[in-house]
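*Asks:* Position in the sequence shown (from 1) plus 189 gives the number in our numbering.
Every residue, glycine too, gets a C-beta built ideally from N, C-alpha and C.
If you're wondering where the values come from, they're calculated on a predicted model, not measured in any experiment.
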Amino acid sequence: MSVDWGSGTELGEFRAQVRAFVAGHAPGRAARAGVRSPENAEELAELRRWIAALFEAGYFGADWPVEFGGDAGHDPRRDVVVAEEIARARAPMQLGGNALAASALIRFGSDEQQARLLPAIRSCDDLWCQLFSEPDAGSDLGGMRTRAVADGDDYVVTGQKVWTTNGHWADRGYLLARTDPDAPKHKGITAFAIDMDTPGIDVRPLRELTGTSDFNEVFLDGVRIPAAAVIGRPGQGWIVANASLAEERNGVSAAVVDLQLAWEDLHALAQKIEIDGRPALEQADVRQRFGALRAEIRACALLGQSSFTRWRAGRERVIDAPAGKLWFSELNLRLNEFAVDLLGARGILTEGDTDAVDSGRWQDAYLYARAYTIAGGSSEIMRNLIAERALGLPR
Ligand SMILES: Cc1cc2nc3c(=O)[nH]c(=O)nc-3n(C[C@H](O)[C@H](O)[C@H](O)COP(=O)(O)OP(=O)(O)OC[C@H]3O[C@@H](n4cnc5c(N)ncnc54)[C@H](O)[C@@H]3O)c2cc1C
């Protein structure tokens, strides 16, 4: 049931090349669901090597401007193929912080920033974190309170960030801070590229529902950074941030590959596990749920494909990105709820528990599934965007 972007000969050949490359280079560790942090320095080094190899081979960064190592004749469908093949191998994707920082620097960075920072993103010598969310500013970033006060040739930053993925491993941070407290709330914000080892930055890992620590709280106490760290112009942070957030286009099709694989694995499992002494798949209600999920995955794939096609034709609709994100994340949650249901009492067993089915993979994916409905804009915010901007409903 795979939706094969590029079943044409040239893209088909490209897919085969990427698949072979991924098989030869992807880190060998067992993948957990979702976007997870390396657990130790060895995993981190492996991740850096993997990302650098993807850039080196031209599979990442081909869409960058040529002067920064991109490919002039780049076909964006290739990015989709790469993302799908990485998802198929359950290997790590490009790091979200690195992708965001690259996009901001390419569009708004100074010549000096571009020359210094972009090569280190390609080689993955630099791992970036995204310092946007705060305890009282997530869905509405305009509420952020972290302050950056100009002081000579520097800014002095004080405040708190939270949910900072990979903050504990990051070399650099893509920071948003308020530089003009008197400006309207979205106007007084500035974007910065900061070094995470600057004195005054305290990163404290948070333990999540899944039992792992993938994100952090970051406290900034009188952190002195040079004015040259501003990305774009002072007060332009909202524009810089929105432009970089809008860049991610391959998420849905890669996510669909994830869903398809999970569906197939679960389907195989349902032939083995028993309910009332018979294979679960022989139960009518189980078969119906499998059928419904398969149809919804197909619809999600087509939604991703049509959005991408519209984007390439310059006819993107405001509904496209929020609808894809909402559909995938809610469907992923339903699929994993079904998985733990199907496993009955064993559904609560997790990694390391005796008798855990598939090493606890389904419980981990079920617990992680909530994160997808929040990160990058919660389901409620996606529904608001669809209702207000696409359907023209009142606020
Ligand atoms: C796995 C994960 C990784 C993340 N990584 C990062 C990261 O690296 N860097 C970073 O900066 N942030 C990160 N985030 C934070 C993420 O961007 C925020 O969690 C998200 O924007 C929601 O903000 P919030 O958590 O403050 O919730 P809030 O905005 O406080 O929302 C709380 C609840 O209220 C609802 N709500 C809020 N406003 C409205 C409204 N107007 N209408 C209806 N309902 C509303 C929300 O849907 C939600 O259910 C990450 C989050 C997750 C889950």
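Alpha carbon to alpha carbon, how far is Arg237 from Phe244?
*Replies:* 11 Å
*Asks:* Quick check on this structure: which residue in Pro511, Ala579 and Ala242 has the alpha carbon closest to the alpha carbon of Ala564?
*Replies:* Pro511
*Asks:* Can you confirm whether the region 531-550 touches the region 203-212 when touching is taken to mean that 3 or more C-beta pairs between the two stretches lie within less than 8 Å?
*Replies:* In the pairwise beta carbon analysis, the region 203-212 is classified as not touching the region 531-550: fewer than three pairs are separated by under 8 Å.
*Asks:* CB-CB under 8 Å to Thr198, same chain, minus the five flanking residues each way: which ones, in chain order?
*Replies:* none
*Asks:* Assess contact between the region 394-407 and the region 254-261, defined as three or more Cβ pairs (one per stretch) separated by less than 8 Å. Is contact present?
*Replies:* no
*Asks:* Please report the distance separating the alpha-carbon of Arg501 from that of Asp509.
*Replies:* Our two residues, Arg501 and Asp509, have alpha carbons roughly 13 Å apart in a direct line.
*Asks:* Beta-carbon within less than 8 Å of Pro324's beta-carbon, same chain only, minus the 5 sequence neighbours each way: which residues are those?
*Replies:* Gln349 and Val351
*Asks:* Considering only heavy atoms of ligand 1, does any lie closer than 7 Å to the CB of Asp329?
*Replies:* Yes - ligand 1 has a heavy atom lying nearer than 7 Å to the Cβ of Asp329.
*Asks:* Look at the alpha carbon of Pro394 and the alpha carbon of Gln319, and state the distance between them as a whole number of angstroms.
*Replies:* 15 Å
*Asks:* Does the distance between the C-beta of Gln319 and the nearest non-hydrogen atom of ligand 1 fall short of 7 Å?
*Replies:* Answer for Gln319: yes, Cβ within range of ligand 1.
*Asks:* Which complete alpha helix (DSSP H) runs does the region 472-540 hold, if anything under 4 residues is left out?
*Replies:* 473-501 and 509-531
*Asks:* Rounded to the nearest angstrom, how far is the Cβ of Asn355 from that of Leu306, given a contact under 8 Å?
*Replies:* Not really, about 17 Å apart at Cβ, beyond 8 Å.
*Asks:* Report the start-end ranges of each alpha helix (DSSP H) in the region 272-344 that is 4 residues or longer and not cut off at the edges.
*Replies:* Whole alpha helix (DSSP H) segments, 4+ residues: 285-297 and 300-311.
*Asks:* I think Val346 touches Thr335, with their Cβ atoms under 8 Å apart; what is that distance to the nearest whole Å?
*Replies:* 7 Å
*Asks:* Comparing the CB of Ser567 with every heavy atom of ligand 1, is any distance shorter than 7 Å?
*Replies:* yes
*Asks:* Checking 8 Å against the spacing of the C-beta atoms, do Gly503 and Ser442 come in under that value?
*Replies:* Cβ distance not < 8 Å, so Gly503 and Ser442 don't count as in contact.
*Asks:* In chain order, what residues of the same chain have a beta carbon less than 6 Å from the beta carbon of Ala554, not counting five sequence neighbours either side?
*Replies:* Counting only Cβ-Cβ distances below 6 Å, and skipping sequence neighbours, we find Ala222 and Asn525.
*Asks:* What do you reckon, is the C-beta of Gly286 under 7 Å from a heavy atom of ligand 1?
*Replies:* yes
*Asks:* Three or more beta-carbon pairs under 8 Å between the region 457-477 and the region 518-532, yes or no?
*Replies:* yes
*Asks:* Is any heavy atom of ligand 1 found at a distance shorter than 7 Å from the C-beta of Thr354?
*Replies:* yes
*Asks:* Is it the case that the Cβ atoms of Ala366 and Ala337 are separated by a distance below 8 Å?
*Replies:* Inclusion of Ala366 and Ala337 in the CB contact set at 8 Å is warranted, their separation being smaller than that value.
*Asks:* Tell me whether Asn573, by its Cβ, gets closer than 7 Å to a heavy atom of ligand 1.
*Replies:* yes
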